[in-house]
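Peer 1: Numbered according to the numbering used here, the sequence shown terminates at residue 255, and the numbering increases by one at each position without gaps.
We treat Cβ as the ideally placed atom computed from N, Cα and C, and that holds for glycine.
Please see the structure below; I have some questions.
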Amino acid sequence: MKINTTFLGPGTLNDPSSRRIQTAIDTAQTGWIALPLEGTDAAFEVSLERLSPKKSARTETPASSAPDWGNVFFNLSAADGAVHIEDMARVADAAMRDAKNRLDAAFSAAGIRSSPAVNLSFDLGGQLCFEAHPQKEQILSLFRENPELERNVRTAMCLKENAVSWQKAELYTEMYQTAYRLKGKAAAQAVSKIFLSLGHPRTTFRYDSSGFTASFNGQAEQEYLAGVRDALGRWVA
19 MKINTTFLGP GTLNDPSSRR IQTAIDTAQT GWIALPLEGT DAAFEVSLER LSPKKSARTE
79 TPASSAPDWG NVFFNLSAAD GAVHIEDMAR VADAAMRDAK NRLDAAFSAA GIRSSPAVNL
139 SFDLGGQLCF EAHPQKEQIL SLFRENPELE RNVRTAMCLK ENAVSWQKAE LYTEMYQTAY
199 RLKGKAAAQA VSKIFLSLGH PRTTFRYDSS GFTASFNGQA EQEYLAGVRD ALGRWVA
């Protein structure tokens, strides 16, 4: 299998994760619509967007075009019947890179500056919200006139939120099992209470010349997840 490093990032090797993702890319269905939904699951805080599939044949994605990352994300079990959180995170990162490239091209063509940075998020109704910016009206017009750009950016944002939620859930499972094994049921229950108290982070996104990135409660992704690990690990140490 030839791994497309254009999609999966520089330095990609023929490793198991890359092969699984490439299988998902090659066999993902087309014509799906991603609808982001607000709300969390009490145990795992997963707010997966619902997909409404249209019947279509499976097609291999041409090497020259980016795949529909939402379809790929929800097709990650194609290779071995399992969904690996590592693969989720890598696909979300690929979607964010793709969205950044599309934003670069669209902003340049429309004469819109990315400095100061463009900050965006979802409102309670699932609509994209843009914070104050000198060219906010032009940005809103750009997205209204380019539904494919909006869909691409929206999908990237949803996948990044979902991937981080699953990584957070994985940390909880690891810490719960470790606490139960080392200190018993009471310690494991304490880990559960801490996890639930963490709540759902406020996620915001930032686009500027350096990239398209996400923040969780004002923290970078890895910093936020490290804080979750530290909070849950108090009953394991």
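#1: Distance check for ARG108 and HIS102, CA to CA, integer angstroms please.
#2: How about ASP116 and ALA84: do their beta carbons lie closer than 8 Å?
#3: Bridge partners for VAL209 per DSSP, in chain order?
#4: How would you write the range of the alpha helix (DSSP H) that SER12 sits in, first residue to last?
#5: Tell me the rounded alpha-carbon separation between THR221 and PHE148.
#6: Keeping to the same chain, check which residues put their C-beta closer than 8 Å to that of GLN240; ignore five residues upstream and five downstream.
#7: Do TRP87 and THR8 have their beta-carbon atoms positioned less than 8 Å apart in this structure?
#8: Between the segment 159 to 171 and the segment 117 to 129, are three or more C-beta pairs nearer than 8 Å?
#9: Is the beta carbon of VAL182 less than 8 Å from the beta carbon of PHE234?
#10: Report the option in ALA128, GLU104, ALA112, ILE43 whose CA atom is closest to the CA atom of ASN89.
#11: Report yes or no: do three or more beta-carbon pairs, one from the segment 192 to 200 and one from the segment 209 to 225, lie closer than 8 Å?
#12: If you follow the alpha helix (DSSP H) that ARG252 is in, where does it begin and where does it stop?
Peer 2: Well, looking at it:
#1: 10 Å
#2: yes
#3: None; VAL209 has no bridge partner.
#4: A query on residue 12 cannot be resolved here, the shown segment of the chain reaching from 19 to 255 and no further.
#5: 13 Å
#6: none
#7: Lying outside 19 to 255, the shown extent of the chain, residue 8 is not represented and no answer is given.
#8: yes
#9: yes
#10: ILE43
#11: yes
#12: ARG252 -> no alpha helix (DSSP H), and no H or E assigned at all.
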